Each structure stands twice: as structure tokens, then as C-alpha cells.
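Participant: Take this structure, written in C-alpha cells, and hold onto it; I'll ask about it next.
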Ligand code: MN
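Residue numbers (this note's numbering): 281 to 677.
Now the structure itself:
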């Protein structure tokens, strides 16, 4: 597509008759409504060049797409068009926080982009609430953005109409199964998880009863789904946010305890990582990265509960992660670690030889650290690391 037709497509959207909105502007005075229209960007731009909205600050990646003189690819065009479409449909709607509603779909699209989602997923992130919250039909989505985006948006909308009020663990498992079956396309679940993560991040603006209900549902359904799909990033943050709202006292306590010993801990971890780094270099084992990683708060809490231990008794609250270049280097790095530090019996697990059901791979071991305290160490390749954090490719249906 050449520059002019690309631009015309964008502008064409801007001049499209706006669909009738269900509850837009109804709470505003005529003056506020006028102010909203005055602030509207994109459409009626005299220079015919796209402008950025002025009522919200867009993330730099999206600004880059929107301000590009011409979309660089069909993907870029789809992303720009989906944003503009959602922006106009949600115009005048506000979130409970008082922000323009569009801030939410923009955040969801950004999370999907960070997770490595394709352009159809990012577009679905922008559009995921339009069928539910405005009068736009799935047919319109298909006409504007194609069948794939329609399917994603429709899938997410269907899942939103699902009513979970699980009472037992078994019911929760049934819900998770139904959810997976209903979604058909795994990408629908990933969009839904990103939607839930942003809602959890902004949960403070809701009433306490609603906070409890949403946090419980997230713990029962969504965090386990993120785990099943192997998306560690989403799982950990969802779990910590649930923890914050469901057990606020324990959350604050552990947060305080973790913060208290930070300096101490970081110095200790630094010594360990330096020792490992030097030895790997001597032996020419390909190291990509060496991290001293703090564990997530809910993980520490669960361990205290399940092992009936006090905070100071549990295995170190930070772990060392060794990221190597090849699988072979993983096993060689393991021998280095076990040579430098005494391994603790029964703590070694080979998830490379025997991956977890969600395809997670790593070598796990615990050793006696420099001060005699146990220290957890994980060894994996960069590819394994990527799968552990972001999940597998989402294009498998
Ligand atoms: Mn949403």
C-alpha cells in the first residue's frame, strides 16, 4: 500500500460516521461535551496529518506508530487503525480512576506487545472492550479489521460474559477448563489475561467488595491459567496483586521483611554471582546473563505457609539465575555451581530433561551459600528463559 492510500485509509476512519454509543457523554454537561469535542485529536486535522490525542499521554511505542509519516507495514497500519477506532468509540467514557477510558485498552495493547503478541493481538487489545461497551457489532469489526481480529475480540467478549463465582477448587478447575475450551484460540486467553492484569493494577479505584471479588476470581481462575500457559511474567504479577488485596496484612508484613534485608542480601548475592561468573569465564562456558532475582512476595508467603516456617527460616528470598548460550552450557554451568558450592541433597531438579507440562525448562538446585545459608540457583538458556517469562508462541490454536 502506498503512502497516500495508507493515509486515506486512516483518514477514512476518521470521517466514518461514529456508531451510536450506549452511555457515552450521558454524565456530562453540554459544556463538558463541547470541551471533549474540542480536545478530540486525529479527525479534522487541518494539515491532514495524524495528530496525537491531547487528553492522554500515549506510550512512546504507540506515538512512534501514530506519528510515522506513513505506516511501515500492514502490521503498523492495523495497529494505528485499531487505536484510532477504539479512541473514537471510547471517547467521553471515563474509568473509575477518572482517566479517559482509552487508557485501559492502550495499556492492554502495550502488555500484549511486551509479551511478543502479533499485530492482530495488539489490535484486539485496543478493541477488546468495544463490542461490550459500545454499539459496535462483531460484523463491523470484521469489515474494518478482518476476520482474525473479529474472532479475537469476539472471543474476549464471550469470556467476559462468563460468570465465575467459584466456591470450590474443583469448580475453579472446571471453569479453567471451560475457559480454555471456549477460547479455542490461545491468543484470546492471552488478551483476556492482559486485560485482567491491567484491571488488577488499577483495582484501588474500585469499592472494597468489588476488589475482593475480582482478586479472588483472579487467584482462582486467571493466575492458574497464566501458569498453565507458562507466562511467568503475568502469573507472578497477578499473584502478588491478589495477595495485596486478599491478605493485606500478610502482604505488608512480607513486603517490609523483604525490604529490610535488601542491602545485606544484595551484597551476598553479588559475591556469589561474581564467583560463578569468574569460573564460567575461565572454563569458556557461554554465559548470557547472571541475575540475582528477588522472589515474588506471594511465592515467599506460600512457602512459609506450606512449610510452616517463619520468614527467616525459609530458603533465601532471592535466587540466582544463570542464563547460558546452549543446553550443553547449562549442564556444564551446573557442574561449576556444584563444584563451587556444596549442593543440598534432594533439591536438584532437571526440568530440561523433564520439562514441566507448560513446557517450562530449567535446572534447579540449592546450594550452601557463602554465609552458610541455602541459596536457590536456576540455570537455563536464553530461549528457555523467554518461554518461562512470556510463554510459547501464541499462534497455536
Ligand atoms: Mn477491558
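The beta carbon of each residue, even a glycine, is placed where N, CA and C say it ideally should be.
Just so it is clear, the structure is predicted and the values come from calculations on it, not from any experiment.
Within 10 angstroms of its Cβ, does residue 319 collect 16 or more other Cβ (buried), or is it exposed?
Facilitator: The residue you call residue 319 lines up with position 39 of the chain shown. Low confidence applies to residue 319: its pLDDT is 40, below 50, so where it sits in the model is not reliable, and the reading given next is rough at best. Counting Cβ neighbours within 10 Å, residue 319 comes out exposed, since fewer than 16 surround it.
Participant: Please name the residue, chosen from 614, 406, 652 and 633, that lies closest to residue 430 on a Cα-to-Cα basis.
Facilitator: Locating residue 430 in the chain shown gives position 150, where the first residue counts as 1. Closest by alpha carbon: 406.
Participant: What residues match up with residue 647 in a beta bridge as DSSP calls it?
Facilitator: Here the question's residue 647 lines up with position 367 in the chain shown. Paired residue(s): 623 and 655.
Participant: Output needed for residue 382: all residues of its chain with C-beta closer than 7 Å, excluding positions within five of it in sequence on either side, in chain order.
Facilitator: Residue mapping note: residue 382 aligns to position 102 of the chain shown, counting from 1. Excluding positions up to five away in sequence, the list reads 336, 366, 367 and 370.
Participant: Does at least one heavy atom of the ligand MN sit under 7 Å from the Cβ of residue 617?
Facilitator: Counting from one through the chain shown, the residue named residue 617 turns up at place 337. No, since every heavy atom of the ligand MN falls outside the 7 Å radius drawn around the Cβ of residue 617.
Participant: Just checking residue 388 against the ligand MN - is the residue's beta carbon closer than 7 Å to any of the ligand's heavy atoms?
Facilitator: If you number the chain shown from 1, residue 388 lands on position 108. For the ligand MN, at least one heavy atom lies less than 7 Å from the Cβ of residue 388.
Participant: Between residue 645 and residue 552, what straight-line distance do the alpha-carbon atoms span, to the nearest angstrom?
Facilitator: The residue given as residue 645 occupies position 365 in the chain shown. The residue given as residue 552 occupies position 272 in the chain shown. C-alpha separation (whole angstroms): 14 Å.
Participant: Taking only the alpha-carbon atoms, compute the straight-line gap between residue 593 and residue 574 and give it to the nearest angstrom.
Facilitator: Locating residue 593 in the chain shown gives position 313, counting from the first residue. Locating residue 574 in the chain shown gives position 294, counting from the first residue. When rounded, the distance between both Cα atoms is 16 Å.
Participant: Going by CA-CA distance only, name the one from 613, 345, 495 and 621 that's closest to residue 660.
Facilitator: Residue mapping note: residue 660 aligns to position 380 of the chain shown, counting from 1. Nearest option by C-alpha distance: 613.
Participant: Among the residues of its own chain, which have a CB less than 6 Å from the CB of residue 316, if the five just before and after it don't count?
Facilitator: In the chain shown, residue 316 corresponds to position 36, counting from 1. The pLDDT assigned to residue 316 is 43, lower than 50, so where the model puts this residue is not dependable, and the model offers no usable value.
Participant: Give the DSSP bridge partners of residue 629, in chain order.
Facilitator: Residue 629 sits at position 349 when you count from the first residue of the chain shown. Partner(s): 644.
Participant: Since residue 601 sits in a beta bridge, which residues does DSSP pair it with?
Facilitator: As a working mapping, residue 601 is identified with position 321 in the chain shown. Answer is 571 and 658.
Participant: Once DSSP output is grouped into helix, strand and coil, what is the label at residue 331?
Facilitator: Position 51 of the chain shown holds residue 331. If DSSP states are grouped into helix, strand and coil, residue 331 belongs with coil.
Participant: Sort 472, 549 and 413 by Cα distance to residue 657 and report the nearest one.
Facilitator: The residue you call residue 657 lines up with position 377 of the chain shown. Of 472, 549 and 413, the residue nearest in Cα terms is 549.
Participant: By the 10 Å Cβ neighbour count, where 16 or more other Cβ atoms means buried, how is residue 490 classified, buried or exposed?
Facilitator: Residue numbering aside, residue 490 sits at position 210 when the chain shown is read from its first letter. Burial call: exposed.
Participant: In the structure shown, what three-state DSSP assignment does residue 671 receive?
Facilitator: Locating residue 671 in the chain shown gives position 391, where the first residue counts as 1. Residue state, collapsed to three classes: coil.
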